[in-house]
Structures are given as structure tokens and as C-alpha cells.
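Everything on this sheet refers to the single structure shown next.
Number of protein chains: 2
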Amino acid sequence: MTDVKTPINPLFLREEELRQGIELLFFAYRDFTAEPDAILAEYGYGRAHHRVIYFVGRNPGMTVSDLLTILRITKQSLSRVLGQLVEEGFITQRPGTVDRRQRLLELTEKGTELERQLTERQRARFAAAYRDAGAEAVEGFRKVMLGLIDEADRPRFPQRGPGWR
Amino acid sequence: MTDVKTPINPLFLREEELRQGIELLFFAYRDFTAEPDAILAEYGYGRAHHRVIYFVGRNPGMTVSDLLTILRITKQSLSRVLGQLVEEGFITQRPGTVDRRQRLLELTEKGTELERQLTERQRARFAAAYRDAGAEAVEGFRKVMLGLIDEADRPRFPQRGPGWR
DNA sequence: TCTTTACGTCAGTCATGTTGACATATATCG
DNA sequence: CGATATATGTCAACATGACTGACGTAAAGA
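First to last, the sequence lines map onto chains A and B.
Numbers in the working numbering are just positions in the first sequence, counted from 1, shifted up by 1.
Numbers in the working numbering are just positions in the second sequence, counted from 1, shifted up by 1.
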């Protein structure tokens with residue numbers, strides 16, 4: 002059977018390929034978030050808290066505005082989540098030196114520890130997927146994912162120059 | 002500067018690569034869902050409705066159990082969403098022929114139309130990303146994404162044999 | 001017949017998003 | 001300096017979509 006040349010409708014193939022992409026994204030995101038969600042639940046937190054902790058950990062000293070731009074939620078939504086994290090000692094705020102209206106955000110030691118615990122599982126998932134797929138596949142993954150992201154946010158992922166790999 | 006051999010810490014590179022993966026997934030999912038969300042809001046629906054409509058459209062005649070397994074939510078959560086879609090004429094239920102306890106789900110014509118409208122934007126996004134990235138990158142994307150998905154669900158994405166491409 | 005399965009429903013709770021209005025401190029511009 | 005804009009926060013009300021727990025019905029299967 003494997004040798005039989007089946008008549009192929011290229012439009013059907015394309016449709017199938019696109020739908021598989023949609024589903025890959027759905028399933029990957031579903032499974033990618035499940036493990037941290039379980040940990041967060043122990044703290045009485047949710048996915049929103051993880052996002053805040055993640056991005057503050059990644060960009061120490063970032064402003065509230067920066068965070069709002071990344072998360073694309075309202076300041077009221079962020080406020081509740083961020084307020085809890087500050088109150089419970091995971092994040093600190095300090096006024097900006099150049100613009101004192103700003104509150105620069107940073108993880109505390111406790112926050113760093115939680116961030117590590119949460120993101121560890123996700124890093125492990127990526128590490129396994131990257132390892133199994135190989136370097137070339139990772140480059141392709143990166144290209145396609147960048148193409149899915151709104152153009153405005155692509156510069157967040159700088160080109161890897163000759164120093165890379 | 003480009004020729005300068007900078008001392009590279011491979012552990013740092015790996016960490017950076019993994020974090021970029023995490024962020025690519027976050028941003029891609031954020032942008033991938035934004036457009037359909039806006040359309041859904043016009044109907045008073047949310048993302049949960051889209052997921053139901055999508056998977057029923059993709060697997061006509063699927064059971065409620067099938068859907069629960071895919072979505073990984075409780076039957077109570079699904080019930081509300083599915084109930085609305087049935088009531089408002091987007092989905093039909095008919096008893097299974099072999100097992101009459103089952104309710105086999107299908108899109109109505111109206112449901113098919115909404116599905117098309119919603120998924121169209123997402124297909125377009127993938128089509129553009131695939132086109133810009135090239136066939137080889139798409140294959141890499143597929144490999145990495147499959148590696149991110151729980152093993153149990155990987156068989157949902159059958160290998161493309163010699164008939165493909 | 002008894003048990004399990006597929007599906008549904010009622011009731012309550014929580015996390016996370018929204019809009020709208022208003023407040024305060026600081027920066028910036030004319 | 002005074003007016004205006006910006007960064008941030010807060011209160012209130014509401015919607016969505018998840019959850020748990022309990023209970024119910026019809027059909028399948030041992």
C-alpha cells in the first residue's frame with residue numbers, strides 16, 4: 002500500500018496542514034500550562050500570577066506599563082494580581098530614579114524561588130522537545146512561531162548573530 | 002564587532018533558548034486567540050465556545066466524552082457552553098446508533114458558518130507564518146510542538162507518509 | 001439483576017477578565 | 001508658573017469559564 006500513488010488534492014493538504022497547526026498550538030498550550038497551574042493552586046494563585054512572576058523575573062526593574070503592554074490586560078486586572086504578589090512578599094516595587102511616578106518591579110528572593118519552581122517544569126518540557134527534535138527543527142519552530150506573533154512583538158526576540166551556536 | 006569571539010557560556014545559551022521558547026508560546030497563543038475572541042464577543046460567546054465549535058466541526062459525530070477528553074474540563078463546565086450552542090442552533094445532538102446513551106455532536110449549517118468565520122483568521126495566520134518560514138521550518142515546528150504535547154495525545158497527529166509532500 | 005457508564009443538572013465558589021469613574025503624584029510643555 | 005498629560009492606583013459592578021460536590025436518568029454490560 003505504501004507505494005501506491007494516491008491522487009492528492011493540494012488544497013486539501015493545505016487545509017489539513019493548517020488545521021493541524023491550530024491543534025498543535027491548542028494541545029501544546031494546554032499541556033504547557035497544566036503543570037504550573039497545579040503548583041499555583043497550592044498557593045491559591047492562578048495562571049495570571051505566573052505570568053506576572055515570569056515576566057518580572059525575566060525583566061527585573063520593568064515598569065507596570067511594560068507589564069501591561071506584554072500581558073494585554075487592563076490595569077485593574079493586573080492590579081489585583083500584582084497587589085497580592087507584592088503584599089505576600091513575592092515582588093517588590095521601588096520608585097523609578099529618572100521618573101519617580103514609575104514603580105519598578107523586581108522579584109524578592111521568595112519570588113525568585115517560586116518563579117524557578119514554576120518555570121522549571123516548562124523549561125524541562127522545552128528541553129525535552131528541543132532535544133528530541135534537534136537543532137534544525139528548533140530553528141524552524143522559532144521561525145514559524147515568530148510568524149504567528151503580531152509583528153509589533155517580534156523584536157522582543159532578537160536575531161541570534163554569529164555568536165550564537 | 003561581529004568577528005570578535007565572545008566567550009560563551011553554553012549553560013546560559015541553553016537557558017536563554019528555553020526561555021525564548023516559553024515566551025514564543027505565550028505571545029503566539031495570545032495573538033492567535035485575540036482575533037476570534039473579538040468575533041465571539043459579538044455573539045456573547047467566549048473562547049470556550051470556539052473550542053467546542055472547532056472540535057465538533059473537526060470531528061463530526063463525536064461524543065460528549067470525546068470532547069471532555071480533548072478539552073480537559075469538567076462536564077459541568079462543558080455543559081453550560083454546549084447547552085447554549087445547542088439551544089441557539091449551532092450544534093445538534095443525536096443519540097448514538099450503537100450506544101444510545103451517547104449524544105453525537107454535529108455542527109448545523111449555522112454552526113459551520115460560525116466555525117468558518119472564526120477559524121478563518123487563525124488559518125490565515127498559520128498560512129502566512131508557514132509561507133514565510135518555508136516547508137522545512139514547518140516540519141521543525143511540527144516536531145517541536147509534538148514534543149511539547151503530552152505523549153498520550155501525540156497519536157492525534159498521524160505521521161505524514163510518502164504520500165505527503 | 002446489579003453495576004457501570006454516558007450524560008445531565010442544581011448549587012455554590014473562585015480566578016480572571018471587563019467597563020467606568022475617580023484620585024494622586026509627577027513630568028512636561030507652552 | 002500654570003495647564004495638561006502620564007504613570008499608577010482604587011472602588012464598584014459585572015461576565016466568563018473554570019472548579020467541587022451531590023444527585024438523577026437512561027442505557028449498556030457483566
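Note that the Cβ used here is the ideal one computed from N, Cα and C, for glycine as well.
These numbers come from a predicted model, not from an experiment.
Beta-bridge pairing of residue i - partner residues as DSSP gives them
i	result
A/M63	A/L106
A/R95	A/L105
Span of the alpha helix (DSSP H), counted from its first residue to its last, around residue i
i	result
B/R81	K76 to E88
B/R143	A136 to L149
Rounded distance between the beta-carbons of residue j and residue i, thought under 8 Å
i	j	result
A/R104	A/Q118	Wrong, their Cβ atoms sit about 25 Å apart, outside the cutoff.
B/G58	B/L108	5 Å
A/A128	B/L19	6 Å
B/Y55	B/E116	6 Å
A/Y30	B/L86	About 22 Å separates the two Cβ atoms, so there is no contact after all.
B/R122	B/E36	4 Å
B/I92	B/L106	6 Å
B/V145	A/A134	5 Å
Chain B within 8 Å of residue i, Cβ atoms only
i	result
A/F91	no
A/I74	no
A/Y46	no
A/Q123	yes
A/R81	no
A/R104	no
A/A49	no
Chain A contact for residue i (CB, 8 Å cutoff)
i	result
B/I40	no
B/T113	no
B/F13	no
B/G84	no
B/D67	no
B/D100	no
B/R126	yes
B/T120	yes
B/R59	yes
B/A130	yes
Where the stretch 137-161 of chain B meets chain A: residues whose CB sits under 8 Å from a CB there: E137, A138, V139, E140, G141, F142, R143, K144, V145, M146, L147, G148, L149, I150, D151, D154, R157 and F158
Mind listing which residues of the stretch 18-34 of chain A have their C-beta closer than 8 Å to chain B's C-betas, in chain order? E18, L19, R20, Q21, G22, I23, E24, L25, L26, F27, F28, A29, Y30, R31, D32 and F33
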